[in-house]
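Colleague: Handing you a structure now.
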Amino acid sequence: MAKLKVGIIGTGGIAHAHLNSYNAVGKDEVEVVAGCDIVPGKAEEFFKRNNMPDAKGFDSKEEMLKNVKLDAVSVCTYNATHSECAVFALENGLHVLLEKPMSVTLEQSLAMLKAEKESGLILTVGFHPRYDVNWQKIRQIIDSGVLGKIYYVQTGGGRRSGMPGGNFINKKTGGAGCLVDIGCYSLDFAMHSIGYPKPLTVSASSFDHLGKKHFGDAFEVDDFSAAFVRLEGGITLDFRMSWKMHMDTAGDFIFLGTEAGLKVKQPSLGTWGGAWDGPVGEVRLMQDILGKPVETLIPLDENHGSGLFEKKIRAFIDAVKNNKPAPIPTSEIIYNQGILDGIIRSASAGKEVDVVF
Ligand SMILES: NC(=O)c1ccc[n+]([C@@H]2O[C@H](COP(=O)([O-])OP(=O)(O)OC[C@H]3O[C@@H](n4cnc5c(N)ncnc54)[C@H](O)[C@@H]3O)[C@@H](O)[C@H]2O)c1
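Start counting the sequence shown at 18; every next residue gets the next number (my numbering).
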C-alpha cells in the first residue's frame, strides 16, 4: 500500500493529537483526507483551522464514506459512540484506530470484536503509555520472574482534582465517569504488566458526591470508584480511581509476589495528576535477601514520555501497511472492558457480579 488515506470520526479535542501525529509521519506514508462530526460544520472548520484545504469535512460518517475513498479511520468520538462508529467503519472495509476506552459496556465491545473478526481488518485501541520504555521495563521485570507468583495488584493513583465536564460527565455521551475515562489506563497498566489474566468477579462501589457538589444534577457519572476484582490464577486486583477526592493519592501502584514486590510511583500528583496516563516516577523492587528486607531503585529512562502519541500512530500505520497484527489487540482490551462493565453493574446492584464473556 503506497499511501494510507485516513479519515477522522469526531473532530473534537483529541482529534488534534491524531491529526498532528499523522501529519508528523508525513504525506509519503499517510494523509488525513477527510473527517466528520455530528456537529454541523465542525469537521470542515477543523480542517480550515489546521490549514488543510484539501481535506474534506462532513456532518456524518455515512456522508464521509459516500464521498471519499479511505483505508482507515481514527475514531475520536464520545466514549458512548466508540462502538457504533468502529463497527460502522469495519463493516465498510476500514481499519480502525480507536480512542480509549474501547467502549462503556461489554456488550458494545463484543459487537466490535464480532465486526473485527468478520472483516479481517485491524481494530486497535490507542493506549499510548504502552510505548513508554519505563512502562515496558515494568513488564520486563515481572516477566523475568523475580517477583515469583503474583497474587495481588493495587492500581492506586487517582486525581486530587481534575473533573473534565462537558460530554464526559453526561451518562448518554461519557457512559461512566473517572472509572472509564482514566480508570481504563490503570487497568491496562495492571493487566498488561501481569499478562492479561481473565477477570472472574467484581465487587465495586461508585460515588458522585464531589461531582454533584460542583456540577449539580448535570453530573450523572462517578467521580470516585473502587473495586475488588478476582482474576484467574488466584490474583486479586484492587482498583481505585478518582476525578476528585480530598486526598493526594489513593495509593501507589503495587504488585505483590511470593518472591518480591514492586512499587510504582507517579512523578507528581498535582491536581490533574494521578491518572496513569503519563510517565512513571519511581520504581522500587522489594525483596528479602538472607532474611533481611532489601530495596532496589530501578534505573529509569530519562526520555520516556516523548512522542508516545506519535509512536502509537506509527504502530497503527505500520500494522495496516505491512499486514501485521493489531499493535494493541482487542483480545487483551476486552478483559479491561469486562472489568469496567463489571464495576458499573456491581456498583449499581450493590453486590458482587460475575464477569462473563
Ligand atoms: N488518548 C488521549 O490522551 C485522550 C485524551 C482526551 C480524550 N481522549 C478520548 O477521546 C475521545 C474524545 O474526547 P475529546 O476530549 O476529543 O471529546 P470532544 O467532545 O472534544 O470530541 C468528541 C467529538 O466527537 C463528536 N462525535 C460524537 N459522536 C459522534 C459520531 N457518532 N460521529 C461523529 N462525531 C461524533 C462530537 O461532536 C465531538 O466533536 C473520548 O473517548 C476520550 O476518552 C483520549
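By construction, the Cβ of each residue, glycine as well, lies at the ideal position given by its N, Cα and C atoms.
Which residue's Cα is closest to the Cα of M303: F241, L164, I139 and R66?
Modeller: Position 286 of the sequence shown, counted from the first residue, corresponds to residue 303. Checked all of F241, L164, I139 and R66; the closest Cα to M303 is L164.
Colleague: Can you find a heavy atom of ligand 1 that lies under 8 Å from the Cβ of H209?
Modeller: Taking the first residue of the sequence shown as 1, we reach residue 209 at position 192. Answer for H209: no, Cβ out of range of ligand 1.
Colleague: I need the DSSP call for E62, collapsed to helix, strand or coil.
Modeller: On the sequence shown, residue 62 is found 45 positions in, with the first residue counted as 1. In the structure shown, E62 sits in a helix (DSSP, three-state: H, G or I).
Colleague: Starting from the C-beta of I361, find all residues in its chain whose C-beta is less than 6 Å away, skip the five residues before and the five after it, and write them out in chain order.
Modeller: Position 344 of the sequence shown holds residue 361. So the qualifying residues of the chain are A193.
Colleague: At the level of alpha carbons, what is the spacing between G110 and T275?
Modeller: Stepping through the sequence shown from its first residue, residue 110 is reached at position 93. Stepping through the sequence shown from its first residue, residue 275 is reached at position 258. Going from the Cα of G110 to the Cα of T275 covers about 48 Å.
Colleague: Since G278 is in the beta strand (DSSP E), which residue starts that stretch and which ends it?
Modeller: Taking the sequence shown and counting its residues from 1, the one referred to as residue 278 is at position 261. Note, G278: beta strand (DSSP E), A277 to K282.
Colleague: Just to check, is the beta-carbon of S77 closer than 8 Å to a non-hydrogen atom of ligand 1?
Modeller: In the sequence shown, the residue the question calls residue 77 occupies position 60. Yes, the Cβ of S77 comes within 8 Å of a heavy atom of ligand 1.
Colleague: Quick check: what's the CA-CA separation for F48 versus N67?
Modeller: Taking the sequence shown and counting its residues from 1, the one referred to as residue 48 is at position 31. Taking the sequence shown and counting its residues from 1, the one referred to as residue 67 is at position 50. Per the sequence shown, residue 48 should be read as Glu rather than Phe. So the two alpha carbons sit approximately 14 Å from each other.
Colleague: Output yes if chain B places a C-beta closer than 9 Å to the C-beta of E276; else output no.
Modeller: Chain labels in this structure do not include chain B; a single protein chain is all it has.
Colleague: Would you mind sorting H99 into buried or exposed? The rule is 16 or more other CB atoms within 10 Å of its CB.
Modeller: Position 82 of the sequence shown, counting from 1, holds the residue named residue 99. Under this definition H99 is a buried residue.
Colleague: Using the three-state DSSP reduction, which class does R301 fall into: helix, strand or coil?
Modeller: Against the sequence shown, residue 301 aligns to sequence position 284. Correct three-state label for R301: strand.
Colleague: Within 8 Å, do at least three Cβ pairs link the stretch 142–160 to the stretch 170–190?
Modeller: no
Colleague: Compute every distance between the C-beta of T98 and the non-hydrogen atoms of ligand 1, then say whether any falls below 8 Å.
Modeller: If you number the sequence shown from 1, residue 98 lands on position 81. Because some heavy atom of ligand 1 lies under 8 Å away, the Cβ of T98 counts as near it: yes.
Colleague: Comparing C-alpha positions only, which one of K117, I139, Y95 and G200 sits nearest to N184?
Modeller: One-based indexing of the sequence shown puts residue 184 at position 167. With distances taken between Cα atoms, N184 lies closest to Y95.
Colleague: What are the boundary residues of the alpha helix (DSSP H) that K154 is part of?
Modeller: Walking along the sequence shown from the start, residue 154 turns up at place 137. Here the alpha helix (DSSP H) through K154 covers V150 to D160.
Colleague: Measuring from the CB of Y39, is there a heavy atom of ligand 1 at a distance below 8 Å?
Modeller: Within the sequence shown, numbered from 1, the residue matching residue 39 stands at position 22. For ligand 1, not one heavy atom lies less than 8 Å from the Cβ of Y39.
Colleague: Quick test of the definition: if touching needs 3 or more C-beta pairs under 8 Å, does the stretch 109–129 touch the stretch 344–353?
Modeller: yes
Colleague: Would the beta-carbon of P70 be found less than 8 Å away from any heavy atom of ligand 1?
Modeller: Counting from one through the sequence shown, the residue named residue 70 turns up at place 53. Checking the Cβ of P70 against ligand 1 gives no.
Colleague: With DSSP as the reference, label D255 as helix, strand or coil.
Modeller: By 1-based counting over the sequence shown, the position of residue 255 is 238. Strand.
Colleague: Whose C-alpha, out of F224, G162 and R176, is nearest the C-alpha of N259?
Modeller: On the sequence shown, residue 259 is found 242 positions in, with the first residue counted as 1. Note that residue 259 is Ser in the sequence shown, not Asn. Of the candidates F224, G162 and R176, the one whose C-alpha sits nearest the C-alpha of S259 is R176.
Colleague: Does the Cβ of H209 have 16 or more other Cβ atoms within 10 Å, making it buried, or fewer, making it exposed?
Modeller: Indexing the sequence shown from 1 puts residue 209 at position 192. Buried, by the Cβ-count rule.
Colleague: So, using beta-carbon positions, are M264 and L227 closer together than 9 Å?
Modeller: In the sequence shown, the residue the question calls residue 264 occupies position 247. In the sequence shown, the residue the question calls residue 227 occupies position 210. No, the pair does not count as a contact, with Cβ atoms beyond the cut-off.
Colleague: Apply the 10 Å Cβ neighbour rule to I141 and answer buried if 16 or more other Cβ atoms are within range, or exposed otherwise.
Modeller: In the sequence shown, counting from the first residue as 1, residue 141 sits at position 124. For the sequence presented, residue 141 should be read as Thr rather than Ile. Burial call: buried.
Colleague: Specify the secondary structure class of S126 as computed by DSSP and reduced to three states.
Modeller: On the sequence shown, residue 126 is found 109 positions in, with the first residue counted as 1. Helix at S126.
Colleague: Need the endpoints of the alpha helix (DSSP H) that C93 sits in, please.
Modeller: If you number the sequence shown from 1, residue 93 lands on position 76. No alpha helix (DSSP H) holds C93; DSSP gives it neither H nor E.
Colleague: According to DSSP, is K20 helix, strand or coil?
Modeller: Mapped onto the sequence shown, residue 20 falls at position 3. Residue state, collapsed to three classes: coil.
Colleague: Taking the alpha carbon of G24 as the point to measure from, which residue in D54, V42, A41 and F326 has its own alpha carbon closest?
Modeller: The sequence position of residue 24 within the sequence shown is 7, counting from 1. Selected option, being the one with the closest Cα: D54.
Colleague: Within 10 angstroms of the Cβ of E133, are there 16 or more other Cβ atoms? Answer buried if so, exposed if not.
Modeller: Here residue 133 corresponds to residue number 116 of the sequence shown, with the count starting at 1. When all chains shown are included, E133 counts as buried.
Colleague: Verify whether the separation of the beta carbon atoms of S222 and A343 is less than 9 Å.
Modeller: Within the sequence shown, the letter at position 205 stands for residue 222. Within the sequence shown, the letter at position 326 stands for residue 343. In this structure, A343 does not lie closer than 9 Å to S222 by Cβ.
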